[in-house]
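Below: one structure, written as structure tokens.
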Amino acid sequence: MKLSLTKVVNGCRLGKIKNLGKTGDRTMDIPACLLYTKTGSAPHLTHQTLHAIHGVPAMAQLTLSSLAEHHEVLAEYKEGIGKFIGMPESLLYCSLHDPVSPCPAGYVTNKSVSVWGVGGRVEMTASKFMTIQQALQPDWFQCLSDGEASCEEGTSIKRARKSVDRSLLFLDNCLRLQEESEVLRKSTIIGVIEGGDVMEERLRSARETAKRPVGGFLLDGFQGNPTTLETRLYLLSSVTAELPEDKPRLICGVSRPDEVLECIERGVDLFESFFPYQVTERGCALTFSFDYQPNPEETLSQQNGIQEEIKYTDQTKKIKTTSCNQEITSFEINLKEKKGTRRTLIHL
Amino acid sequence: MAAAVSPTSVESAPRIMKLVAECSRSRARAGELRLPHGPVATPVFMPVGTQATMKGITAEQLDALGCRICLGNTYHLGLRPGPELIQKAHGLHGFMNWPHNLLTDSGGFQMVSLVSLSEVTEEGVRFRSPYDGDESLLSPEKSVEIQNALGSDIIMQLDDVVSSTVTGPRVEEAMYRSIRWLDRCIAAHQRPDKQNLFAIIQGGLDEDLRATCLEEMTKRDVPGFAIGGLSGGESKGQFWRMVALSTSRLPKDKPRYLMGVGYATDLVVCVALGCDMFDCVFPTRTARFGSALVPTGNLQLKKKQYEKDFRPIDPECACPTCQKHSRAFLHALLHSDNTAALHHLTVHNIAYQLRLMSAVRASIVEKRFPDFVQDFMGTMYGDPTLCPAWATEALASVGITLR
Chain A
1 MKLSLTKVVN
11 GCRLGKIKNL
21 GKTGDRTMDI
31 PACLLYTKTG
41 SAPHLTHQTL
51 HAIHGVPAMA
61 QLTLSSLAEH
71 HEVLAEYKEG
81 IGKFIGMPES
91 LLYCSLHDPV
101 SPCPAGYVTN
111 KSVSVWGVGG
121 RVEMTASKFM
131 TIQQALQPDW
141 FQCLSDGEAS
151 CEEGTSIKRA
161 RKSVDRSLLF
171 LDNCLRLQEE
181 SEVLRKSTII
191 GVIEGGDVME
201 ERLRSARETA
211 KRPVGGFLLD
221 GFQGNPTTLE
231 TRLYLLSSVT
241 AELPEDKPRL
251 ICGVSRPDEV
261 LECIERGVDL
271 FESFFPYQVT
281 ERGCALTFSF
291 DYQPNPEETL
301 SQQNGIQEEI
311 KYTDQTKKIK
321 TTSCNQEITS
331 FEINLKEKKG
341 TRRTLIHL
Chain B
1 MAAAVSPTSV
11 ESAPRIMKLV
21 AECSRSRARA
31 GELRLPHGPV
41 ATPVFMPVGT
51 QATMKGITAE
61 QLDALGCRIC
71 LGNTYHLGLR
81 PGPELIQKAH
91 GLHGFMNWPH
101 NLLTDSGGFQ
111 MVSLVSLSEV
121 TEEGVRFRSP
131 YDGDESLLSP
141 EKSVEIQNAL
151 GSDIIMQLDD
161 VVSSTVTGPR
171 VEEAMYRSIR
181 WLDRCIAAHQ
191 RPDKQNLFAI
201 IQGGLDEDLR
211 ATCLEEMTKR
221 DVPGFAIGGL
231 SGGESKGQFW
241 RMVALSTSRL
251 PKDKPRYLMG
261 VGYATDLVVC
271 VALGCDMFDC
281 VFPTRTARFG
291 SALVPTGNLQ
301 LKKKQYEKDF
311 RPIDPECACP
321 TCQKHSRAFL
331 HALLHSDNTA
341 ALHHLTVHNI
351 AYQLRLMSAV
361 RASIVEKRFP
371 DFVQDFMGTM
381 YGDPTLCPAW
391 ATEALASVGI
401 TLR
């Protein structure tokens with residue numbers, strides 16, 4: 001696989017990744033998003049309805065949390081997760097966790113990481129993890145990593161250091177196991193950058209991970225609520241500066257349009273696309289405009305518009321639903337509001 | 001007490017049914033309905049959609065499966081969003097974006113299902129809306145007015161529905177009232193050239209009442225007849241006898257719509273008894289419980305036995321679900337919180353019903369319907385002689401003996 005940059009403007013990278021997939025003939029543009037799936041299917045949509053939509057991403061994101069418990073079935077199936085879920089023609093990236101429902105913290109050890117499926121906890125050592133990946137046979141997969149340094153507020157330097165050490169150890173183990181398996185060698189390992197909010201550890205993680213023969217990098221631990229991302233953006237720039245230009249940079253847990261733009265400006269290439277799913281679940285519809293106006297005068301007023309939008313997102317409305325408080329962003333409309341014309345849409 | 005025929009003159013109802021073939025032994029017929037939104041081959045199964053979308057399936061998917069007529073529920077749509085809004089959206093066809101035929105019911109059946117909210121008088125059905133608590137009256141005139149606004153190709157009269165488990169004078173009252181309401185519907189119908197009003201034969205499980213209803217209603221010149229008041233809690237033995245009685249007294253050159261049927265076996269038997277059109281929530285409802293319909297019955301895909309079953313639901317089925325997915329995948333998906341699993345099964349189950357009716361029709365046209373029934377029962381029950389007693393009796397009554 002080969003990443004070629006067409007141009008870099010204000011930190012934003014435009015380019016193509018070539019020679020992707022098992023047959024090595026697929027291409028993907030960057031920046032790009034990955035199709036969000038749950039248990040190997042886009043939420044609520046069958047293959048038929050999904051493909052009625054234009055611009056379905058070339059690469060889909062699978063989550064180990066929804067698939068790990070099925071690894072015996074897949075091992076017996078032998079033909080890989082792509083064919084099993086009815087998406088044999090799609091590129092597949094397997095992440096550890098589901099960005100919408102992150103796993104409970106406190107279960108990472110020096111030897112294992114856990115994910116939660118419907119049937120409960122699945123604990124994985126590097127060895128078990130690679131056995132599962134061998135059954136799944138994705139094109140790319142996130143390496144086993146310790147992502148918990150960023151979980152609580154004010155994480156300690158010691159915890160940040162541990163997350164980096166553990167993740168590097170997992171990475172080296174997984175790379176070694178990959179060498180021993182012909183099947184696994186057909187998949188690309190994505191190295192994970194950890195280190196919590198500690199600059200020193202972040203830089204160490206980036207430099208050390210970049211020394212290994214990984215196919216790309218996942219920037220972990222930058223997710224959270226909008227304010228936490230804001231404060232972590234400066235870390236993000238420093239991290240990407242340490243990474244080689246010719247390998248893709250993924251980020252997890254970031255899917256809101258404004259946040260995606262911020263990350264692109266700091267050298268990120270690939271994003272998850274779970275935001276539409278979250279909007280759907282709270283009964284809202286996306287309505288924001290993303291037209292680009294090359295006219296400088298209009299660009300100015302649009303910039304002002306964006307400023308206002310960002311201000312507005314600070315004042316996101318909170319609606320009380322039967323189960324929980326949900327924040328509606330400025331990118332959507334609430335279809336449950338009792339307005340005449342919208343009743344038609346609600347109805348459908 | 002028979003009702004007088006409505007004095008209002010109505011143009012002679014169109015003959016919308018063209019018979020293409022008839023079974024020489026049973027009463028089975030193959031035909032073609034000529035409707036405003038295109039022809040429909042019969043016998044036909046009409047999938048039911050509540051609140052203007054097929055639960056779990058889009059209009060495009062239904063079209064792709066070959067469906068050419070489906071149902072819209074007047075009770076739900078008439079209340080919410082209401083006929084004015086639907087008219088603004090270019091009728092129910094526009095609202096659903098459905099290019100083929102639609103059949104709407106009168107709103108009456110929901111009365112039985114939601115009976116705690118309703119009260120029947122000679123005027124109509126008075127009920128309280130579950131959405132905003134308002135009281136309304138659904139009269140024959142109102143029902144037809146709503147259905148006129150919806151613009152469906154076939155509209156149903158408002159009938160006084162009683163559950164088939166009810167006995168006594170209420171059944172007789174409901175039967176005679178349904179005749180009077182039929183006349184009021186005919187009189188109120190503003191668009192007989194664009195929409196076909198069907199009568200609904202009532203009379204419960206009483207032979208005499210049903211015979212009276214048949215005699216009276218067939219005097220009215222409507223384009224088609226439905227057989228109503230069945231497929232509730234009655235025994236199958238009573239059920240088939242009422243169906244057979246009805247088809248024996250209904251005109252041959254008009255379609256017979258058996259409401260609320262049903263399961264595969266029931267469909268095959270009732271085609272033999274002379275019915276042309278069917279509707280039932282069963283295939284879509286059972287899909288939502290993880291059940292897939294197959295020629296041998298159904299597969300409860302959540303069960304552990306399907307965990308490693310890499311075959312499609314039905315290797316003979318051409319639906320998108322069977323083309324792309326295995327039982328094992330659907331099993332895994334059913335155990336997740338992704339509702340896509342239910343949509344996959346809904347698509348398959350509807351495809352199954354439509355395919356069954358196609359096969360039935362082909363066998364009638366090719367003059368081998370009795371053999372088809374024989375094979376069908378063999379596949380479904382392991383042996384044709386293991387077919388349920390009521391079905392065997394019903395088939396025998398129209399000249400098909402299972403060996």
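The listed protein sequences correspond, in order, to chains A and B.
The numbering of the first sequence is UniProt numbering, which starts it at 1 and goes up by one.
The numbering of the second sequence is UniProt numbering, which starts it at 1 and goes up by one.
Each residue gets a CB set at the ideal place from its N, CA and C atoms; glycine is no exception.
Reduced DSSP secondary structure (H/G/I, E/B, other) of residue i
i, result
"Ile264/A", "helix"
"Val261/B", "coil"
"Pro47/B", "strand"
"Tyr277/A", "helix"
"Val398/B", "coil"
"Glu308/A", "Residue placement at Glu308/A is poorly supported in this model, since its pLDDT is 33, which falls under 50; the coordinates still yield a value, given next. Reduced to three states, the DSSP call for Glu308/A is helix."
"Gly237/B", "helix"
"Asp208/B", "helix"
"Arg27/B", "coil"
"Thr392/B", "helix"
"Pro39/B", "strand"
"Arg184/B", "helix"
"Gln87/B", "helix"
"Val9/A", "strand"
"Thr379/B", "helix"
"Asn349/B", "helix"
"Gln48/A", "helix"
"Tyr107/A", "coil"
"Asp276/B", "coil"
From the options, residue whose alpha carbon lies closest to that of residue i
i, options, result
"Val183/A", "Val118/A, Val254/A, Gln133/A, Leu64/A", "Gln133/A"
"Arg327/B", "Ser336/B, Arg311/B, Ala341/B, Cys319/B", "Arg311/B"
"Lys128/A", "Glu69/A, Ala60/A, Asn334/A, Thr287/A", "Glu69/A"
"Asp134/B", "Pro140/B, Glu141/B, Arg126/B", "Arg126/B"
"residue 404/B", "Ala21/B, Ser178/B, Met377/B, Ala287/B", "The structure shown does not extend to residue 404/B, since chain B is modelled only from 1 through 403, so no value can be given for it."
"Arg170/B", "Gly224/B, Gly151/B, Gly229/B", "Gly229/B"
"Cys85/A", "Val360/B, Lys142/B, Ala341/B, Leu356/B", "Reading off the sequence, residue 85/A comes out as Ile, not Cys. Measuring from the Cα of Ile85/A, the nearest candidate turns out to be Ala341/B."
"Val281/B", "Thr296/B, His348/B, Leu273/B, Tyr263/B", "Tyr263/B"
"residue 440/B", "Thr339/B, Leu33/B, Met377/B", "Missing from the structure shown is residue 440/B; chain B here goes from 1 to 403 and no further."
"Ser231/B", "Pro99/B, Ser164/B, Ala30/B", "Ser164/B"
"Ser187/A", "Pro244/A, Pro213/A, Thr209/A", "Pro213/A"
"Cys270/B", "Pro83/B, Val44/B, Glu173/B, Val40/B", "Val44/B"
"Tyr203/A", "Val164/A, Thr227/A, Ile189/A", "Here the sequence assigns Leu to residue 203/A, which means Tyr is not the residue at that position. Residue Val164/A is the option with its Cα nearest to Leu203/A."
"Lys18/A", "Leu3/A, Val8/A, Thr37/A, Ala42/A", "Leu3/A"
"Asn110/A", "Ser145/A, Leu96/A, Gly120/A, Ser90/A", "Ser145/A"
"Thr74/B", "His100/B, Arg29/B, Asn148/B, Ala59/B", "Asn148/B"
"Leu20/A", "Glu180/A, Lys247/A, Glu201/A", "Lys247/A"
"Leu158/B", "Thr401/B, Ala28/B, Thr121/B", "Thr121/B"
"Glu76/A", "Glu141/B, Lys308/B, Val20/B", "Lys308/B"
"Pro370/B", "Arg403/B, Cys275/B, Leu330/B, His344/B", "Arg403/B"
"Pro295/B", "Met277/B, Lys303/B, Glu316/B", "Glu316/B"
"Thr218/B", "Ala391/B, Asn101/B, Pro251/B", "Pro251/B"
"Phe141/A", "Ser95/A, Ser330/A, Lys211/A, Glu272/A", "Ser95/A"
Whole-number beta carbon distance between residue j and residue i, since they are thought to touch under 8 Å
i, j, result
"Ala126/A", "Asn173/A", "4 Å"
"Leu92/B", "Gly72/B", "5 Å"
"residue 411/B", "Leu267/B", "Nothing about residue 411/B can be read from this structure; chain B reaches only from 1 to 403."
"Cys33/A", "Ser65/A", "Not confirmed; about 20 Å, so no contact."
"Cys284/A", "Asn334/A", "5 Å"
Check: residue i C-beta below 6 Å from any heavy atom of the ligand ZN
i, result
"Leu299/B", "Questions concerning the ligand ZN fall outside what the structure shown contains, since it holds no ligand whatsoever."
Exercise. Between the segment 38-58 of chain A and chain B, which residues of the former have a C-beta closer than 8 Å to a C-beta of the latter?
Worked result: Lys38, Thr39, Gly40, Ser41, Ala42, Pro43, His44, Leu45, Thr46, His47, Gln48, Thr49, Ala52
Exercise. Which runs of the alpha helix (DSSP H), 4 residues or longer, sit entirely within the segment 285-336 of chain B?
Worked result: Taking 4 residues as the minimum length, the alpha helix (DSSP H) runs contained wholly in the segment 285-336 of chain B are 320-324, 327-334, in order along the chain.
Exercise. What runs of the beta strand (DSSP E), each 3 residues or longer, lie entirely inside the segment 90-171 of chain B?
Worked result: 101-104, 118-120, 125-128, 135-138, 154-156
Problem set entry | Ordered list of alpha helix (DSSP H) runs contained in the segment 200-263 of chain A, each at least 4 residues | With a minimum length of 4 residues, the continuous alpha helix (DSSP H) runs that stay inside the segment 200-263 of chain A are 226-241.
Exercise. Taking a cut of 7 Å between CB atoms, which residues from the segment 72-106 of chain A lie near chain B?
Worked result: Listed by position along the chain: Val73, Glu76, Tyr77, Phe84, Ile85, Gly86.
For this session: Can you give me, in chain order, the residues of the segment 111-127 of chain A that have a beta carbon less than 7 Å from any beta carbon in chain B?
Result: Val118
Exercise. Along the chain, which unbroken stretches of the alpha helix (DSSP H) at least 4 residues long are found entirely within the segment 124-207 of chain A?
Worked result: 126-136, 157-179
Problem set entry | Contact residues within the segment 292-308 of chain B, judged by C-beta distance below 8 Å to chain A | Glu307, Lys308
For this session: Give, in chain order, every residue of the segment 58-69 of chain A whose Cβ lies closer than 7 Å to some Cβ of chain B.
Result: Ser66
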